[in-house]
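Let me begin by presenting the structure, written as structure tokens, before commenting on it.
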Amino acid sequence: MLQVRPIECSFRKIPNYPEEGFKDGRFSGSFHWDIKEFSDKKWVVLGYLEVDWPSIIREENLTQEDIVTGCLKFLNIVPERKKRAKKDPRPKYGLLESYKADFKVKNGKAFIIAQLKTSDQANSHFWGEGQNWNGGKILRKRGRPPKIKVENNDE
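Structure follows, in structure tokens:
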């Protein structure tokens, strides 16, 4: 398989109308059962990737799949560790993997509509949170059960 270099790209900022501000994407509200470990270790985020993919296809002769792979390599780059930091740094968006992608050109601007798998259930760069489904398991209650009061009717 051909090694793909990281391709510089970024998320297009999108608004969330009840709230003010812009973020890089949003968590999907759908259940994606074709993803192994969905809602346990993987969640789906939706976003627009800003990358000039027509020129990359022309100049470097890469496939659309290679462009998405290169873009995700760029987004998964771990930042340098800060001086005296205790924890190892993590990727900004969690560990992103390719799920589905549509390549579009609108008003002369090329972009990718991407559905990506991430390892983070919640991330401050995306609107919402990942779906939480416990697999239909009934979670047992922990701790001591509450005392039941019994009334005596001795008449």
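Take the sequence shown: its position 147, counting from 1, is numbered 147 in the working numbering, and each next residue is one higher.
Just so it is clear, CB atoms sit at the ideal spot from N, CA and C, and this is done for glycine as well.
Bear in mind that the values here come from a model prediction, so they are computed numbers and not experimental data.
Which whole-angstrom value describes the C-beta separation of V45 and S28, a residue pair presumed to lie in contact below a C-beta threshold of 8 Å? For this step, residue 45 is matched to residue 45 along the sequence shown. For this step, residue 28 is matched to residue 28 along the sequence shown. Right, their Cβ atoms sit about 7 Å apart.
At the level of alpha carbons, what is the spacing between K41 and N152? In the sequence shown, counting from the first residue as 1, residue 41 sits at position 41. In the sequence shown, counting from the first residue as 1, residue 152 sits at position 152. The straight-line gap from Cα to Cα measures roughly 53 Å.
Could you give the distance in angstroms between the alpha-carbon of Y99 and the alpha-carbon of V150? Locating residue 99 in the sequence shown gives position 99, where the first residue counts as 1. Locating residue 150 in the sequence shown gives position 150, where the first residue counts as 1. Annotation: Y99 to V150 spans about 58 Å, alpha carbon to alpha carbon.
K161 to L95, Cα distance in whole Å? Here the chain comprises residues numbered 1 to 155, so residue 161 is not present and cannot be evaluated.
Over what stretch of residues does the beta strand (DSSP E) that includes E97 continue unbroken? On the sequence shown, position 97 is the one that residue 97 refers to. Annotation: the continuous beta strand (DSSP E) that includes E97 extends over E97 to K106.
Helix, strand or coil: which one does DSSP assign to G25? The sequence position of residue 25 within the sequence shown is 25, counting from 1. Three-state result, G25: strand.
Using only the alpha-carbon positions, how far apart do E37 and P145 sit? Numbered from 1 along the sequence shown, position 37 holds the residue referred to as residue 37. Numbered from 1 along the sequence shown, position 145 holds the residue referred to as residue 145. Roughly 33 Å between the two C-alpha positions.
Rounded separation between P91 and G108 - CA only: Walking along the sequence shown from the start, residue 91 turns up at place 91. Walking along the sequence shown from the start, residue 108 turns up at place 108. Computed Cα separation, rounded: 31 Å.
What's the C-alpha gap between K73 and D120? Within the sequence shown, the letter at position 73 stands for residue 73. Within the sequence shown, the letter at position 120 stands for residue 120. Using only the alpha carbons, I get a separation of about 17 Å.
When you compare only the Cα positions, how much space is there between C9 and E97? Counting from 1 along the sequence shown, the entry for residue 9 is found at position 9. Counting from 1 along the sequence shown, the entry for residue 97 is found at position 97. Note on geometry: alpha-carbon atoms of C9 and E97 lie some 15 Å from one another.
Express the C-alpha separation of G128 and P18 in angstroms, rounding to a whole number. For the purposes of this step, residue 18 is taken as residue 18 along the sequence shown, with counting starting at 1. For the purposes of this step, residue 128 is taken as residue 128 along the sequence shown, with counting starting at 1. Per the coordinates, the alpha-carbon of P18 lies some 12 Å from the alpha-carbon of G128.
Cβ atoms of I35 and W53: under 8 Å apart, would you say? As a first step, residue 53 is located in the sequence shown; it is residue number 53 there, counting from the start. As a first step, residue 35 is located in the sequence shown; it is residue number 35 there, counting from the start. With contacts defined by Cβ atoms closer than 8 Å, W53 and I35 do not form a contacting pair.
If you reduce the DSSP assignment to three classes, tell me which class W53 lands in. Here residue 53 is taken as the residue at index 53 of the sequence shown, counted from 1. Helix, per DSSP.
Whole-angstrom distance between G130 and V51, CA atom to CA atom: Position 51 of the sequence shown, counted from the first residue, corresponds to residue 51. Position 130 of the sequence shown, counted from the first residue, corresponds to residue 130. Distance between the alpha carbons of V51 and G130: 26 Å.
S39 vs W133 beta-carbon contact at 8 Å: In the sequence shown, the residue the question calls residue 39 occupies position 39. In the sequence shown, the residue the question calls residue 133 occupies position 133. Yes, these two residues count as a Cβ contact at 8 Å.
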